[in-house]
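Student: Residue numbering for the sequence shown follows the UniProt record's numbering, beginning at 1 and increasing consecutively. Ideal Cβ placement from N, Cα and C applies to all residues, glycine included. Predicted model only: the values in this text are computed from it and were never measured.
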Amino acid sequence: FPKESLLSQVLPSCYTEFAPISPKIELLHEETLFYIFYSFNDENLRLQAFNTLIKKNYLYSSKINCFVLATKNIPDNSKKNILIFDPLKWEKVMKEIIYDEEFVNSLKASIE
Numbered sequence: 001f002p003k004e005s006l007l008s009q010v011l012p013s014c015y016t017e018f019a020p021i022s023p024k025i026e027l028l029h030e031e032t033l034f035y036i037f038y039s040f041n042d043e044n045l046r047l048q049a050f051n052t053l054i055k056k057n058y059l060y061s062s063k064i065n066c067f068v069l070a071t072k073n074i075p076d077n078s079k080k081n082i083l084i085f086d087p088l089k090w091e092k093v094m095k096e097i098i099y100d101e102e103f104v105n106s107l108k109a110s111i112e
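1) Can you give the Cα-Cα distance for Phe1 and Ser8, rounded to whole angstroms?
2) Using the Cβ count rule (16 or more neighbours within 10 Å means buried), how would you classify Val68?
3) Is the Cβ-Cβ distance between Ala49 and Asn57 less than 8 Å?
4) Give every residue of the same chain whose Cβ lies closer than 8 Å to the Cβ of Leu88, excluding the five residues on either side of it in the sequence, and list them in chain order.
5) Quick check: what's the CA-CA separation for Phe34 versus Leu11?
6) Any idea if Leu27 is buried or exposed, counting beta-carbon neighbours within 10 angstroms, 16 or more meaning buried?
7) Quick one: residues in its chain with C-beta nearer than 7 Å to the C-beta of Pro75, no 5 flanking neighbours on either side, listed in chain order?
8) Could you check the C-alpha separation between Ile36 and Leu59 for me, to the nearest Å?
9) Applying the criterion that 16 or more other CB atoms from any shown protein chain within 10 Å of the CB defines a buried residue, is Ile111 buried or exposed?
10) What ranges does the beta strand (DSSP E) occupy inside the UniProt domain "NOT2/NOT3/NOT5 C-terminal" (11 to 99), keeping only unbroken runs of at least 3 residues that lie completely in it?
11) Looking at the ligand SAM, does it come within less than 7 Å of Leu45, judged from the CB to the closest heavy atom?
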């Protein structure tokens with residue numbers, strides 16, 4: 001008797017070999033992207049989520065450790081209300097921020 005089953009002889013190899021699923025991350029809702037960024041261990045997937053959020057006009061503030069909806073980033077030392085995604089409350093909230101040089105310099109559009 002042959003060691004290979006008849007089924008394995010008949011089926012093309014592509015039917016039994018599975019490629020990893022690559023989700024179209026740019027199609028995901030931003031809350032799903034936040035979930036991936038803050039919860040997943042896969043660095044590549046987290047980086048993809050980060051870059052997709054940047055494309056959706058978010059910036060990451062290393063000063064307050066959350067995503068900020070992009071606005072004019074001029075350090076004029078004025079208080080401004082900005083929309084942020086608060087990962088502790090898991091919602092978008094308005095927050096009053098002083099637009100000083102430290103805050104503006106903390107806004108990242110890429111991971112260094």
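Tutor: Judging by the given coordinates:
1) Legend: pLDDT at Phe1 = 46, less than 50; position of this residue unreliable, value from coordinates given subsequently. Phe1 and Ser8 have their C-alpha atoms roughly 14 Å apart.
2) Burial call: buried.
3) Going by C-beta atoms, Ala49 is not nearer than 8 Å to Asn57.
4) Nothing listed; no residue qualifies.
5) So the two alpha carbons sit approximately 41 Å from each other.
6) Flag for Leu27 reads exposed.
7) Once the five neighbours on either side are set aside, the close Cβ partners of Pro75 are Tyr99, Asp100, Glu101, Val104.
8) When rounded, the distance between both Cα atoms is 16 Å.
9) The residue is exposed, with fewer than 16 neighbouring Cβ atoms inside 10 Å.
10) Counting only runs of at least 3 residues, the UniProt domain "NOT2/NOT3/NOT5 C-terminal" (11 to 99) fully encloses the following beta strand (DSSP E) elements, listed from N- to C-terminal order: 58 to 61, 66 to 69, 79 to 86, 91 to 98.
11) Within the structure as shown, the ligand SAM is missing, as the structure has no ligands at all.
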